[in-house]
Amino acid sequence: MARIGVFICHCGENIGRTVDCAAVSAAAAKMPGVVVGMDYKYMCSDPGQQMIRKAIIEQKLTGVVVGACSPRMHERTFRAAAAEAGLNPYLLEMANLREHCSWVHSNQAEATQKAIDLVRVMVAKVRRNRPLRPIRVPVEPTALVVGGGIAGIQAALDIAAGGKKVVLVESGPSIGGHMARLSETFPTLDCSQCILTPRMVEAASHPNITLMTYSEVASVEGFVGNFTVTIRRKARYVDPAKCTGCGDCFNKCPIKKIPNEFDAGLGLRRAIYVPFPQAVPNKPVIDAAHCTMLQKGKCGLCAKVCPRGAIDYQDQDRLEKVKVGAVVLATGFQLWDHAAYGEYGGGRLRDVIDGFAFERLASASGPTAGLIKRPSDGKEPKTVVFLQCCGSRDDKVGKKYCSKICCMYTAKHAMLYRHKVHDGRAVVFYMDVRAAGKGYEEFVRRAIEADGAEYVRGRVSRITRRRDGKLVVLGADTLAGRPVTIDADLVVLADAVVPRPGSEKLAQLFGVGYDQDGFYSEAHPKLRPVETAAAGVFLAGACQAPKDIPETVSQASAAAAKVLGLFAKPELEREPVIARVNRTTCAHCRACISACPYGAAKDFDIVDRAGKVLRAVADVNEGLCQGCGTCASVCRSHSVDLDGFTDEQIHAELNAL
Amino acid sequence: MKTIETRRLPDLAQALSAAGYCVVAPIEEGGVVRFREWAPGLAIAPGAVPANSSKDFLFPRSEVVARFALEPGGFSPAPVERSAVKTVVLCARPCDAAALTALDAVFNWDYRDGAYNARRQAMTVVSLACSKADEHCFCTSVGGAPDGVAGADAILRPADGGQLLVLDELTEKGRALAQAAAGTLSEGPAALDAPAVLPRRFDSEAVGRWLAANFESPFWKEAALACLGCGACAYACPVCHCFDLQDETDHAECRRLRNWDSCGFGLFTLHASGHNPRPDQSARWRQRVMHKFSIYPQKFKTLACTGCGRCSRLCQAGMAIAATCERIEALGR
Amino acid sequence: MMKTETSTAPAPAAFEPRITAFVCNWCTYAGADLAGTSRLQYASNMRIIKLPCTGRIDPLFVLKAFENGADAVLVSGCHPGDCHYTSGNYHARRRWTLFRKLLALTGIGDDRLFFSWVSAAEGQKFADLVNDVTAKVRKAGPFCAVHPGRRAS
Amino acid sequence: MKALREAAEKLLREKRVSLVIGYEDRKGRPAFFAAKPEDCGRLAYDASCRQNLAAYLGKPEIRARLPVAVVAPPAVLRSIVVLTAESQLPPGQVLALAVDGDSFLGTFDAAGVAELLRAKYSTLAPEPALLERVQGLLQKSPAERAAFWEAEFSKCTRCYACRAACPGCYCSRCIVEKNAPQWISTAALGHGNYTWSVMRAFHQSGRCTLCGACEAACPQGLPLMLLNAVLDREALEEFGSRPGYDPEAKPLIGSWSADDDHSYMR
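Residue numbers (my numbering), protein chains in the order written: chain A, 120 to 776; chain B, 3 to 335; chain C, 16 to 168; chain D, 17 to 282.
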């Protein structure tokens, strides 16, 4: 038999002024199952809490309703008090008599009647409450960082510095990401590789970091604190344990004319290669698609010249499982393909290049050793047109959003060009200049005022190649209100920032949401920008949205802090509001499995002692379930219920109204 | 002979209504004829076998049998109004009236059911002899007849090719009713129509003997394959009387309801443990047939089937109890 | 049953609607809290049932509220894109799009069944909503006298 | 008819199925179960067949005898696809003997059924008369609609013939049979009858193939198809839902799109 105690708080005058608290507690005392009804000036005060504790013990209460302020204010307080008196804290509920009643109504009779109703509802509910225990989940204190760009490197280093193990997975042969391809960085123009490479080396050599390059996530099982991630280690055909990185192999490789992706196709590499001289690990891989030995069984030169016998043409992809407690996704971005713009040559004009190609032209370690030469004929361009918002802010052909970093890197490009080609002309077409950031506006002003970049507000409608090799850029100067035609030698398009291909598939593996453009969704746009809907999976860098380096690094450190916070205790404790499946009546229609936002509802086979599957049902993973209850309401037979908000509780609440 | 023109049945209803009877009669609505409370202006459809049986007015599909007021320390019983309105079922089928014997038996067996008996006492049954029958009718196989009078207080017999109805009073209640309706009745000669011709389809005693001896027969598995396990047959049956007690509670009161139930439902015999002694539809169909033709006659010396054919007439899956009995009789030979 | 229907209904002026609201914990419940902390005054006819998410609200809850004599029902949760659980409100939205049409066919229309998005920041919107819903239901009159979904007393 | 009987006989003779579920060649066209090749001569099909035989696929006694074949007009074919999408049919265990009007269309497995439907029946639409009835009711005032249903639901005896008739009602324990709590009153009174019929229809949202078996099965003649039709129309108009064509379809209730309408939300 239920023994419920009801405690009505006056909250000084806050409730008492409008609600007749004594009448409410007297009415409550007459409700079925109620054995104590009391009211007091301040229930949340020490004497108030003591009243509750005393009643729980002396009256052997099986449930408590506190009629006071919003549960968002003091539910924890009162539940803790109940727990101190030996009552399971989840057997206490609050009726919101202040925010939802006394503060919003002025008629005392109406407010008192409403207060009685609210208390009756909670009494009815609490009679059906069951003791709940916080869910404890052991935590594997190792983090997985997916992506070896600056975001992944920074997150890995910070987690490692915090004393926890990290597995850093990178799909390419080297870590470093796009930042390694940059010439200099805005707004300070320091050399990108100079600041990045020490970090790359540190990541590779840190005792807490296990580096897995040329590797990808193949599958994910488990949940926060307990992920088992299968990593596909792609065949390198070079045993990294034996290889010393001497370079004899790629110097001898006869397949020489493969466009190097690292150089945006402007430089060439061999079939066995390291993507760039400072690569980490500085050990080559064989590009199987271009290697004649692997394709046709002819050649084998690299194996012959390797002094260490490190070449292994029989190498195969391997799957490796790692157990991790948290994951940082840092898969970065790529540039949108401007081939979609037919009016800009549809990708066929060799001297219409993207921002990365320009970075490589301007980089001292690039294919031109830092000299600006146009791809078609290697001549130094005298007029360069930079075109911002190429594919950004265009919901017809390109992307609706602003890619955020282009204004700044275009200013940098114009500046770098003017530094290298003093008699050259840099013309920038822009829609707006968005230079919000420390030192950013000043940087753009410098490009215009000190370095003479010509900024034209307007769009370019057409780029055509004249017979003499000039690119005729037809645009509009919307400030002057007239058409502009420029004969350019080189055009640099600031292509939109888009997620890496395959990012959606990866998101699905981890149960992370993504938006219509494929950028990963944060758990809350303001207050949880680093977390995702999947507990224990965090975001860093441009996989979430276009970001520049400082922002990326900040978020990577934030993600690392979240991971370290998660790892600070050996066990996770979670609110026990989770869904449960009645396996006896589940018909396995799989609606809940489809509906669950967290991938927590899944198939479960009921087997007999011999292991034979008798039938399948749905099941809820306690670690993944966040307690929204969507599964429960799509279940036609109500075979899924939600602890804390069970069908019985809600039914009783409705019957009390 | 007391007669009334068939087309003047509403006048009879009106007279009885004026005399204080609640008149129940077959009334067509939306293509379905069912027994319902007659009201002025409604036509009476005497020709058809209504979709429901007249038991609805003795043993309603749901009724409150107890009330409890909820209090802080527990609950206390509250009074239940037990009203029995003086009712007449007009144009009941002889097979409806015949069912009363079986119903009276079960509602007065180890416990005298107050609600049932109050209504029973207040009810007058005026049946209407059948001058035609359809392929589902089989009253002659279960001891009845198209012009049978068992259970009836009075009977109307078609005459003059259906133009006229002849009223025979059979009991005190019937005579009281005839008196109340005297103004609408005429006295005079009439040529009674022949009752429907309905050959006997099976020997119910032979069926009962086979049933008692063949509980485990493989026949059941195959015979019940089409049954989808709804309660349509039981709810239309004039004899089926199983019920379920359900408590419905709000914050102030609990009402105990007696609702119809059916042995066709899987839940009917499901134990709290999860075990079900009638685990499949064949066991449930067997129960239905056995109860009507073996268990009930053993206990109450009367069949629990009056051959009205409602169950097979409306079964969506074509289950037909008479056909089952025919096959059983053949098995027993 | 026929008799209870025609029994004297209270005069419209005396009619105080009973409104049951199903709200999510993270947005509308918090929005109602904000209305309170902002001391916005609104009609006292609504009783809130708090759930974690609109995704938890089964149409049966709504029917039960009507059956128990509610004159109107409000369902309110987070704006699209704001769901604490990322998509519970989207699931709810699809469900209500269908369910409201079904109820409309049975005579429960827009003056009985209300839906809204109220964020934790929209205290004023919550107060206005309660007032508006209450006024509309006052005009629509008591539900219990007219609908098969009610429980006969 | 001959082709259907031959195809059924062949399946049984070749032991590809242990049972053919069809309609019997007698008045009312009741369900018929052919277990032996020689039974197949009693199979028949015509437009008067009202039962949706896919309802038997959820019955334990039938499931114990898989593989089986089902005589299936287009609506039943769609039911088979719905059941496949909801993981109710063990793969490869149910064959359809597709029929339409007087013609026998062939024997199909689950994938073949979906293909046939897409190729031949992609434009199946509810009967115009049914939609007119819905529209007619919607044109009445809310009070008139309530009165209409009050009269209809008062006839319901809660025999659950509608549930038994429906292939979509395969739950081993229906919500109305759950009593902790008892959401839907089991008493055959107004409110329980209302909630039962409304929820029965709602639970078919995005799943109902408008086969009409529920309404045909109702001994009281309740116009249940009005409820199914209004949901079908709304689901099609709002979400493009066409149940029973895609065996891998996600459940309509249980999935969402950011573009879903919410103009009615304030």
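Where is the CB? At the ideal position from N, CA and C, for every residue including glycine. Keep in mind the model is a prediction, meaning the values are calculated, not measured.
- Fully enclosed beta strand (DSSP E) runs of no fewer than 3 residues occupy 211-215 of the segment 192-251 of chain A, in order along the chain.
- Only residues of its own chain outside the window of five on either side were considered, and among them A107 have a CB closer than 6 Å to the CB of F302 of chain B, listed in chain order.
- Following the DSSP letters along the chain, one finds P144 of chain D inside the alpha helix (DSSP H) bounded by residues 144-154.
- The three-state secondary structure of L247 of chain D, taken from DSSP, is helix.
- When 7 Å is used as the limit between beta carbons, S131 of chain C is near these residues of chain D: M281, R282, in chain order.
- Residue state for T121 of chain C is assigned as coil, using DSSP reduced to three classes.
- In the three-state reduction of the DSSP assignment, R288 of chain B falls in the helix class, which pools H, G and I.
- Residues of chain D with a Cβ closer than 8 Å to the Cβ of T704 of chain A are, in chain order, C187, S188, R189, K194.
- At a cut-off of 8 Å between C-beta atoms, P32 of chain C does not count as an interface residue with respect to chain A.
- Around the beta carbon of M120 of chain A, a 10 Å sphere encloses fewer than 16 other beta carbons of the protein chains shown; the residue is thus reported as exposed.
- Looking at the DSSP output, A545 of chain A shares a beta bridge with A:V503.
- Residues of the segment 4-32 of chain B that bring their beta carbon within less than 9 Å of a beta carbon in chain D comprise E31, G32, in sequence order.
- When DSSP states are grouped into helix, strand and coil, L93 of chain D belongs to the helix group.
- Of the residues D:L113, D:L154, D:A112, the one whose Cα lies closest to the Cα of T121 of chain C is D:L154.
- For F164 of chain D, there are no C-beta contacts with chain B under 7 Å, since the nearest C-beta of that chain is about 11 Å from it.
- Ranked by Cα distance from R260 of chain B, the first of B:L11, B:T173, B:L187, B:H243 is B:H243.
- A Cβ of chain D is located within less than 8 Å of the beta carbon of V753 of chain A.
- With respect to chain D, the C-beta atom of R709 of chain A has a partner C-beta closer than 8 Å.
- When only Cα atoms are considered, D262 of chain D and R699 of chain A end up about 30 Å apart.
- For R699 of chain A, there are no C-beta contacts with chain B under 7 Å, since the nearest C-beta of that chain is about 18 Å from it.
- For L82 of chain D, the closest alpha carbon among the candidates D:Q109, D:A63, D:S188, D:Y72 is that of D:Q109.
- The C-alpha of P166 of chain A lies about 9 Å from the C-alpha of Y159 of chain A.
- In this chain, the alpha helix (DSSP H) harbouring Q627 of chain A covers 622-629.
- The distance from the Cβ of E772 of chain A to that of A243 of chain A is about 6 Å, consistent with a contact at the 8 Å cut-off.
- Excluding five sequence positions before and after A204 of chain D, the CB atoms of its chain that fall closer than 7 Å to its own CB belong to C172, T173, R174, given in chain order.
- Within the segment 253-283 of chain B, H253, A254, G276 place their CB atoms closer than 9 Å to a CB of chain A, listed in sequence order.
- Residues of the same chain with a CB within less than 8 Å of the CB of G206 of chain D, apart from the 5 flanking positions on each side, are E166, F169, S170 in chain order.
- For R66 of chain D, no Cβ of chain C is located within less than 8 Å of the residue's own Cβ.
- The beta carbons of R252 of chain A and T765 of chain A sit no closer together than 8 Å.
- Note that the segment 59-78 of chain D touches the segment 32-40 of chain D; at least 3 beta-carbon pairs, one per stretch, sit closer than 8 Å.
- Along the segment 731-751 of chain A, there is no position whose C-beta sits under 7 Å from a C-beta of chain B.
- Sequence-ordered contacts of the segment 211-236 of chain D with chain C read T211, V214, M215, A217, F218, S221 [C-beta pairs closer than 7 Å].
- Residues of chain D with a Cβ closer than 7 Å to the Cβ of L227 of chain B are, in chain order, F49, E77.
- Among the residues facing chain D, A117 of chain B is not included, as its CB has no counterpart in that chain under 8 Å away.
- In this structure, the straight-line span from the alpha carbon of N244 of chain D to that of V185 of chain A is close to 45 Å.
- Take the alpha-carbon of A47 of chain C and the one of Q627 of chain A: they are about 36 Å apart.
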